[in-house]
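For the sequence shown, position 129 matches number 337 in the working numbering, and the numbering has no gaps at all. Here's the structure, in structure tokens; my notes come after.
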Amino acid sequence: MAVSSYNKYLRQLLGKCECILAFDTAADYLGLTNGGQRAVAQIYVEKKQDVEETEQTVLQSFDQIEYEMCCGLLCTTVNQTIMDLLEQNGDEQIIVESLANYYEEHGNTFKGLQIPEHLKERFDKYSGWAKEYYEE
């Protein structure tokens, strides 16, 4: 499924849902990955929503994360998305691809990312791989 079709699908699925796109879904939606489609949409919610095909992470308040309106849906910011991916320590391909695309789009630098101290070691590991990602 093309990225634009996947994003349209997400807008249809979540358009009336009080949520913020998160994790892998946010990375795909923001174009940090090279395109993907997930079996479920990962979202942050303040209370469980009755929406099928979602994996919901409940937050006490949306105020505890950075997010913005992006093409019709609330989505974690690029910085928040990358922090969440590192925190979750999930799919290495998604983490490396997201960092590689950020690096390339920002003039071969990670300036602008604010990585908390507790994630620095993990960031250093993945960012090294990301710098070489498009050289292969």
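Ideal Cβ positions, reconstructed from N, Cα and C, are used throughout, including at glycine. In this text, all values refer to a predicted model and were calculated from it rather than measured experimentally.
Would the beta-carbon of residue i fall within 8 Å of that of residue j?
| i | j | result |
| --- | --- | --- |
| E274 | C283 | no |
| C227 | Q272 | no |
| A235 | L327 | no |
| F231 | Q296 | yes |
| T285 | L240 | no |
Note down the Cα distance separating residue i from residue j, rounded to an integer number of angstroms.
| i | j | result |
| --- | --- | --- |
| V259 | I303 | 26 Å |
| E329 | E343 | 23 Å |
| G243 | K255 | 29 Å |
| Q264 | L281 | 16 Å |
| K339 | T233 | 23 Å |
| M209 | E325 | Per-residue confidence for M209 stands at a pLDDT of 44, beneath the threshold of 50, marking its modelled position as unreliable; the derived number appears in the next sentence. Their Cα atoms are separated by approximately 37 Å. |
Per DSSP, what are the beta-bridge partners of residue i in this structure?
| i | result |
| --- | --- |
| T262 | A249 |
Task: contact_flag[the segment 248-259, the segment 306-325] where n(CB pairs < 8 Å) is 3 or more - done: no
TODO: Check whether the segment 263-272 touches the segment 318-336, taking contact to mean three or more Cβ pairs, one atom from each stretch, closer than 8 Å.
DONE: Contact between the segment 263-272 and the segment 318-336 is absent, because fewer than three Cβ pairs lie under 8 Å.
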